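First up is the structure itself, then whatever we jot down about it.
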Amino acid sequence: MFCRIKILIVCGILSVQSFGFSIPPVSMQVLMKHIFAPTLFSVYSKDYGMMYCQLYGVAGVSKSFKWGGCEITPQALKEMRHFAMQYVQNKIDLEQQYRLGYKNGWCFLQRGGNLYNAEVVRDGYAVVQHFDLSEEETLRSLEELEMIARSEKRGLWKEWGQEMQCLKIALKEIAQVGLKESLEKSLELRMKGFIEPETNLETESQE
Numbered sequence: 001m002f003c004r005i006k007i008l009i010v011c012g013i014l015s016v017q018s019f020g021f022s023i024p025p026v027s028m029q030v031l032m033k034h035i036f037a038p039t040l041f042s043v044y045s046k047d048y049g050m051m052y053c054q055l056y057g058v059a060g061v062s063k064s065f066k067w068g069g070c071e072i073t074p075q076a077l078k079e080m081r082h083f084a085m086q087y088v089q090n091k092i093d094l095e096q097q098y099r100l101g102y103k104n105g106w107c108f109l110q111r112g113g114n115l116y117n118a119e120v121v122r123d124g125y126a127v128v129q130h131f132d133l134s135e136e137e138t139l140r141s142l143e144e145l146e147m148i149a150r151s152e153k154r155g156l157w158k159e160w161g162q163e164m165q166c167l168k169i170a171l172k173e174i175a176q177v178g179l180k181e182s183l184e185k186s187l188e189l190r191m192k193g194f195i196e197p198e199t200n201l202e203t204e205s206q207e
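Under my numbering, the first residue of the sequence shown carries the number 1, and numbering increases by one thereafter.
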């Protein structure tokens with residue numbers, strides 16, 4: 001039975017220690033079972049059974065859309081997904097062990113010293129998204145890898161640079177709206193007394 005967990009693309013070896021990446025303490029050994037998309041997998045843990053893994057901090061194109069003055073057409077989507085899936089199927093081995101770390105429902109996928117969240121961005125098959133800001137150093141490092149992939153036209157950036165940029169812009173604006181709504185909701189709850197205001201420890205200690 002699938003345990004539904006709310007979840008988040010570098011030919012060559014990437015050492016986790018070479019960048020500002022951190023692996024959450026909630027981690028486990030898992031078997032890779034299925035690849036749904038370059039950033040979404042199902043895995044099996046002997047302790048928790050089947051689970052979903054959506055990569056932290058990264059996103060790939062999943063549907064056609066128009067956003068502002070940019071667009072990903074159905075034809076572009078079909079071609080981009082084909083090459084992205086070809087990439088991940090060559091990169092990720094089914095029925096092999098990986099280390100999985102979870103943070104706020106998003107996952108970090110690692111094998112040896114290779115962090116796949118970073119690899120898929122550095123190779124140009126996903127962009128960085130900011131729906132969860134809890135790992136700011138990780139996001140900064142991912143942005144650096146994305147900038148390299150974009151400037152060197154790696155992966156999908158070579159043929160579909162405008163579409164990748166469109167995906168980036170759309171995700172950024174959606175994340176900003178979500179953050180704004182979250183802050184407004186938090187303020188509303190504080191004003192209603194459902195959330196206690198932060199204690200000023202410095203003032204209390206002086207008293």
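C-beta atoms are modelled at their ideal positions from N, C-alpha and C, and glycine is treated no differently. Here the structure is a predicted model, which is why all the values come from computation and not from measurement.
CA nearest to the CA of residue i, picked from the options
| i | options | result |
| --- | --- | --- |
| residue 132 | 174, 61, 71 | 174 |
| residue 75 | 85, 126, 172, 163 | 163 |
| residue 143 | 159, 165, 101 | 165 |
| residue 49 | 64, 92, 58, 29 | 29 |
| residue 86 | 33, 120, 97 | 120 |
| residue 102 | 124, 64, 57 | 57 |
| residue 34 | 27, 62, 89 | 89 |
| residue 43 | 96, 149, 150 | 96 |
Length of the line joining the Cα atoms of residue i and residue j
| i | j | result |
| --- | --- | --- |
| residue 45 | residue 69 | 44 Å |
| residue 78 | residue 111 | 29 Å |
| residue 172 | residue 135 | 16 Å |
| residue 153 | residue 128 | 16 Å |
| residue 104 | residue 159 | 34 Å |
| residue 92 | residue 122 | 15 Å |
| residue 98 | residue 168 | 28 Å |
| residue 61 | residue 47 | 32 Å |
| residue 116 | residue 176 | 25 Å |
| residue 80 | residue 124 | 11 Å |
| residue 64 | residue 141 | 28 Å |
| residue 150 | residue 59 | 15 Å |
| residue 36 | residue 53 | 10 Å |
Sub-8 Å separation of residue i and residue j beta-carbons
| i | j | result |
| --- | --- | --- |
| residue 39 | residue 126 | yes |
| residue 156 | residue 83 | yes |
| residue 94 | residue 51 | no |
| residue 109 | residue 55 | yes |
| residue 106 | residue 170 | no |
Residue environment, residue i, which counts as buried when at least 16 other CB atoms sit within 10 Å
| i | result |
| --- | --- |
| residue 189 | At residue 189 the pLDDT is 44, less than 50, meaning the model places this residue with poor confidence and gives no usable figure here. |
| residue 137 | exposed |
| residue 113 | exposed |
| residue 161 | exposed |
| residue 146 | buried |
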